[in-house]
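This report refers to the structure that appears directly beneath it.
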């Protein structure tokens with residue numbers, strides 16, 4: 001995608017998002033979240049603040065603290081596991097079997113955490129009242145509202161959740177909730193539910209490096225809040241390319257390559273249990 | 275096959291994700307042997323520059339002179355562009371050398387890790403995420 005298309009897309013996304021959010025906040029279905037987030041307020045920011053994290057950022061998994069859970073490890077049952085509740089562990093085991101069987105999640109949005117832990121870049125685009133975050137892989141978008149609003153308890157749950165941001169000194173703090181629980185937190189299949197309250201603390205540790213400390217608080221799945229520290233490198237000369245998830249393209253690709261490799265192909269459904 | 279340092283590093287990182295592809299695949303399904311890349315010299319039949327992954331179809335003569343039709347995938351176009359590839363990088367009839375990590379099934383299927391064009395120009399198969407400084 002040429003850069004010229006990014007701005008119109010961002011504007012379009014913002015335009016489209018306004019009625020969507022408005023509707024969501026007036027809708028009555030409640031997310032029965034166990035962690036109240038309505039007390040978390042965002043604060044207005046200056047235009048100078050907004051430029052701090054603008055740009056394209058590429059994940060740097062090699063910089064992660066080795067003692068933490070490794071969200072980049074694709075193998076099931078990594079050495080360090082999150083503090084699962086019994087329900088969370090059972091769900092994770094179920095997810096791991098689902099994944100190991102080659103099951104897929106079609107083109108559903110990845111949610112925010114799994115997007116962060118996919119080795120593809122994202123772009124931060126500051127706008128007047130929000131930041132737009134665009135992940136190249138599967139073209140997932142997220143808004144981080146910076147106009148001082150709170151997260152309402154009746155926000156409609158969604159794959160990408162609902163996010164607000166505020167400054168604490170030189171740290172940009174993003175609070176997210178209203179996830180629908182239909183995605184994994186990571187490629188390993190760590191679960192999340194509608195109870196998830198995700199906090200991100202963004203900080204530039206040098207001119208080219210963004211550190212984000214994630215705290216995942218989902219009492220149904222995890223016995224206590226737990227953290228992941230991830231690093232991203234600024235790519236000043238990069239623009240994001242188009243990589244939407246398109247089932248027709250995936251199917252065509254599957255048919256050609258899987259046929260060549262004598263694989264059975266896919267039916268786009270979870271495999272039957274034997 | 276011996277790898278140069280940089281290429282080996284690319285393979286190790288790519289291998290982590292490639293090894294995980296079957297288990298975590300949203301598409302595809304081939305399980306690649308990242309530890310044993312092979313260099314294929316052949317003639318391009320088709321180059322499909324599309325998401326989710328580009329595909330290269332190459333006729334390669336085996337040791338007995340038989341033509342084997344290889345199906346080779348790459349990362350997505352977005353990743354390949356950053357490695358210097360374009361949709362015009364390959365054309366039918368091009369004589370190329372492609373280093374691939376092959377399917378563990380032993381079928382003529384692989385994942386491209388390096389390309390040598392007819393003019394001698396070399397391109398890597400791209401990388402996912404930032405690599406440690408050398």
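Chains as they are written, first to last, in our numbering: chain A, 1 to 274; chain B, 275 to 408. Ideal Cβ positions, reconstructed from N, Cα and C, are used throughout, including at glycine.
Cβ of residue i within 9 angstroms of any chain B Cβ
i	result
residue 246 of chain A	yes
residue 233 of chain A	yes
residue 197 of chain A	no
residue 250 of chain A	yes
residue 241 of chain A	yes
residue 257 of chain A	yes
residue 109 of chain A	no
residue 135 of chain A	no
residue 58 of chain A	yes
residue 179 of chain A	no
residue 191 of chain A	no
residue 78 of chain A	no
residue 228 of chain A	no
Nearest residue (CA-CA) to residue i, options the options
i	options	result
residue 136 of chain A	A:216, A:249, A:254, A:57	A:57
residue 341 of chain B	B:316, B:401, B:381	B:316
residue 243 of chain A	B:335, B:306, B:349, B:396	B:349
residue 204 of chain A	A:230, A:225, A:217, A:97	A:230
residue 114 of chain A	A:84, A:59, A:153	A:59
residue 249 of chain A	B:326, B:321, B:312, B:331	B:326
residue 324 of chain B	B:355, B:311, B:402, B:378	B:355
residue 238 of chain A	B:357, B:366, B:364	B:357
Straight-line gap, residue i to residue j (C-alpha atoms, nearest Å)
i	j	result
residue 128 of chain A	residue 253 of chain A	41 angstroms
residue 195 of chain A	residue 219 of chain A	7 angstroms
residue 393 of chain B	residue 371 of chain B	11 angstroms
residue 307 of chain B	residue 388 of chain B	15 angstroms
residue 200 of chain A	residue 213 of chain A	6 angstroms
residue 278 of chain B	residue 180 of chain A	With a pLDDT of only 34 at residue 278 of chain B, under the threshold of 50, the placement of this residue in the model should not be trusted, and no figure is reported.
residue 282 of chain A	residue 406 of chain B	Any answer about residue 282 of chain A is impossible in this case: the structure gives chain A only from 1 up to 274.
residue 62 of chain A	residue 338 of chain B	44 angstroms
residue 82 of chain A	residue 75 of chain A	15 angstroms
residue 206 of chain A	residue 336 of chain B	52 angstroms
Sub-9 angstroms separation of residue i and residue j beta-carbons
i	j	result
residue 359 of chain B	residue 314 of chain B	no
residue 67 of chain A	residue 228 of chain A	no
residue 183 of chain A	residue 109 of chain A	yes
residue 347 of chain B	residue 384 of chain B	yes
residue 157 of chain A	residue 88 of chain A	no
residue 344 of chain B	residue 374 of chain B	yes
residue 188 of chain A	residue 73 of chain A	yes
residue 55 of chain A	residue 211 of chain A	no
residue 382 of chain B	residue 318 of chain B	no
residue 168 of chain A	residue 198 of chain A	no
Contact with chain A by residue i, beta-carbon distance below 9 angstroms
i	result
residue 386 of chain B	no
residue 383 of chain B	yes
residue 356 of chain B	yes
residue 259 of chain B	Since the first and last residues shown for chain B are 275 and 408, residue 259 of chain B lies out of range.
residue 308 of chain B	no
residue 350 of chain B	yes
residue 353 of chain B	yes
residue 327 of chain B	yes
Range of the contiguous beta strand (DSSP E) that encloses residue i
i	result
residue 355 of chain B	Looking at the DSSP string, residue 355 of chain B is not in any beta strand (DSSP E); the run it does join, the alpha helix (DSSP H), is 351-356.
residue 63 of chain A	That residue, residue 63 of chain A, is in no beta strand (DSSP E); it is neither H nor E in DSSP.
residue 385 of chain B	383-390
residue 379 of chain B	Unbroken run through residue 379 of chain B: none, as it is neither H nor E.
residue 306 of chain B	First-last for residue 306 of chain B: undefined, no H or E at that position.
residue 335 of chain B	329-335
residue 73 of chain A	Note, residue 73 of chain A: premise wrong, no beta strand (DSSP E); not H, not E.
residue 198 of chain A	197-206
Range of the contiguous alpha helix (DSSP H) that encloses residue i
i	result
residue 115 of chain A	111-116
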